[in-house]
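Quick note: the sequence shown uses the working numbering, first residue 318, plus one each step.
As structure tokens, the structure follows; a few thoughts come after it.
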Amino acid sequence: MPVYHYKGYKNDGGAATGIIDAESPKVARVKLRKVGVFPTDMVEQGSATTGSTTGVSGRSTVGIGRSPALSTTDVAMMTRQLATLLVAGLPLVEALGVMVEQTEKKAVKSLMADIREKIRGGGSYSSVLETYPREFSQIYVHMVRAGEASGALDQILFRLAEFLEKQLALKHKVTNAILYPALMMVVGISVLFFLMTFVVPKITAVFTSLKQALPWPTVVLMSVSHFLADYWMVILGVVGLSLWAIRRAMKTEAGQLTADRWLLKVPLIGEVGRMVAISRLTSTLATMLASGVQLLDAMDVAKRVMNNRVLEHAVEGARQNIREGETIAEPLKRSGEFPALVTHMIAVGERSGEMEEMLRRIGQIYDGEVERVITRFTSLLEPIMILVMGVMVFFIVVAILLPIFEMGQMVR
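Written as structure tokens, this is what we have:
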């Protein structure tokens, strides 16, 4: 029977090395898990150890150095692939080696090679991921650490992949909903600016040379046109300076807090922003709790995915109250930042002992609400924007044609 030398980690996070006899690496992996050891590397005693995936002495130089940051899509794909390989019975280092060989994207290949080498050097998977904060969030690292401790890293990675894919889907819905109206607005404003600063002045110059009384729409149009033509550089400068000042203020805690508080009060935008934040918070908490992360640690990490300082402070306040012995729902309710539906469902989850399921349901409810509001918003915004642009163009046309009609009547 083959004998395998393994490296891994115990349930308490301590390192473990040794030898084990088994019919195959997969059987050896199962045996080790039964005794509370999670293997990260395994090689058959006496076999060649210079292979690119299973050896412990062979060192690949592929990807050594800092790899570029990856997209969330790349991380989600990597996570699902790694989970699949671990379920198939491959040790972690060997699974990473397979991914290095099969991945075509250079950034992913480089990152996987770096991670594999660091694990071979004695680091745990979670501690290695922690050295790549641009690619792997604290949520990711905490869940992987919980998976290592429980010996169920493969299942945790599947949950992580599903979580990342859901977050991506939600982000794409919001982005796609905003993109088309924003593009229409930019094009519309650009066309109007061109008309008012280049076309209209040339036409109205003819009316001015006639030195006759002009209709009020024409006077208004000429005044606006002359103002834009004379001061467009000043206008752009003021806009640019304002954006710079806002961006600078947003880098401070007070500025970010003020901006987030204001955004929550803006009609529709605040509603969607709050729903997206709640969906992210509850989905993240549900995933982390199901993975074995402690509640207070999960809340500390999950609050950061909300991207709103006001809501983050509310969650942090609730976290401190929970530390002192309170329930979750009550301090969230007192903050006034969470709808009654959310706090009620959390309270029910606490009483029934099904907190993870309730949090998951809240996330699903708010995902659906976000999609419904966005669909309604885009269906209303497009015709409104077309109507506004049409009215403005109609006003320009009327303001230009009225003097022409009056001149025609004078000739008669």
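Even for Gly, the Cβ is constructed at its ideal location relative to N, Cα and C.
Predicted model, so just to flag it, every value in this text is computed and none were measured.
{"Check": "6 angstroms CB neighbourhood of Arg-677 in its chain, flanking five on each side removed", "Outcome": "Ala-603"}
{"Check": "Coarse secondary structure for Pro-356, derived from DSSP in three states", "Outcome": "strand"}
{"Check": "Of the residues Met-706, Leu-387, Leu-403, Ser-441, the one placed nearest Gly-325, counting alpha carbons only", "Outcome": "Ser-441"}
{"Check": "Whole-angstrom C-beta distance between Lys-490 and Ile-691, which should lie under 8 angstroms", "Outcome": "6 angstroms"}
{"Check": "Bridge partner(s) assigned by DSSP for His-322", "Outcome": "Ile-336, Val-360"}
{"Check": "contact_flag[the stretch 705–724, the stretch 627–639] where n(CB pairs < 8 angstroms) is 3 or more", "Outcome": "no"}
{"Check": "6 angstroms CB neighbourhood of Arg-626 in its chain, flanking five on each side removed", "Outcome": "Gln-573, Leu-574, Asp-577"}
{"Check": "Reduced DSSP secondary structure (H/G/I, E/B, other) of Lys-426", "Outcome": "helix"}
{"Check": "Alpha carbon of Leu-718 to alpha carbon of Pro-700, nearest angstrom", "Outcome": "26 angstroms"}
{"Check": "Local conformation of Val-583 per DSSP, three classes", "Outcome": "coil"}
{"Check": "Endpoints, alpha helix (DSSP H) assigned at Ile-663", "Outcome": "657–669"}
{"Check": "Local conformation of Tyr-449 per DSSP, three classes", "Outcome": "coil"}
{"Check": "For Ala-594 and Glu-673, believed in contact at Cβ under 8 angstroms, the rounded distance", "Outcome": "Their Cβ separation, rounded to whole angstroms, is 19 angstroms, which puts Glu-673 and Ala-594 out of contact at 8 angstroms."}
{"Check": "Residue nearest to Glu-452 in terms of C-alpha spacing, selected from Glu-465, Ala-424, Val-536", "Outcome": "Ala-424"}
{"Check": "Val-710 (DSSP reduced to helix, strand or coil)", "Outcome": "helix"}
{"Check": "Neighbourhood of Leu-585 by C-beta distance below 7 angstroms, restricted to the same chain and skipping five residues each side", "Outcome": "Phe-694"}
{"Check": "Buried/exposed call for Lys-568, threshold 16 Cβ in 10 Å", "Outcome": "exposed"}
{"Check": "Lys-351 and Ile-337 closer than 8 angstroms at C-beta", "Outcome": "no"}
{"Check": "Three-state class that DSSP yields for Ile-495 in the structure shown", "Outcome": "helix"}
{"Check": "Beta-carbon contacts of Leu-698 that lie in its chain and below 6 angstroms, excluding the five residues immediately before and after", "Outcome": "Pro-498"}
{"Check": "The stretch 539–555 in contact with the stretch 506–516 per 3-pair CB rule at 8 angstroms", "Outcome": "yes"}
{"Check": "Buried versus exposed, by CB contacts within 10 Å (16 or more), Thr-367", "Outcome": "Caution is warranted here: a pLDDT of 34 is assigned to Thr-367, below 50, making its placement in the model unreliable, and the coordinate value is therefore given only provisionally. Per the 10 Å Cβ criterion, exposed."}
{"Check": "Tyr-321 versus Ala-345 - alpha carbon distance", "Outcome": "8 angstroms"}
{"Check": "Collapsed DSSP secondary structure at Ala-469 in the structure displayed", "Outcome": "coil"}
{"Check": "Contacts around Thr-390, its chain only, beta-carbon distance under 7 angstroms, and the 5 residues preceding and following it disregarded", "Outcome": "Leu-485"}
{"Check": "Three-state secondary structure (DSSP) of Leu-560", "Outcome": "helix"}
{"Check": "Cβ shell of Ala-463 (< 7 angstroms), same chain only, five flanking positions each side left out", "Outcome": "Ile-473, Ser-608, Gly-609, Val-610"}
{"Check": "Cβ neighbours of Ala-741 in the same chain (closer than 7 angstroms, five flanking residues each side left out)", "Outcome": "Outside the shown range of the chain (318 to 729) lies residue 741, about which nothing can therefore be said."}
{"Check": "Cβ-Cβ distance between Ala-393 and Glu-482 below 8 angstroms", "Outcome": "yes"}
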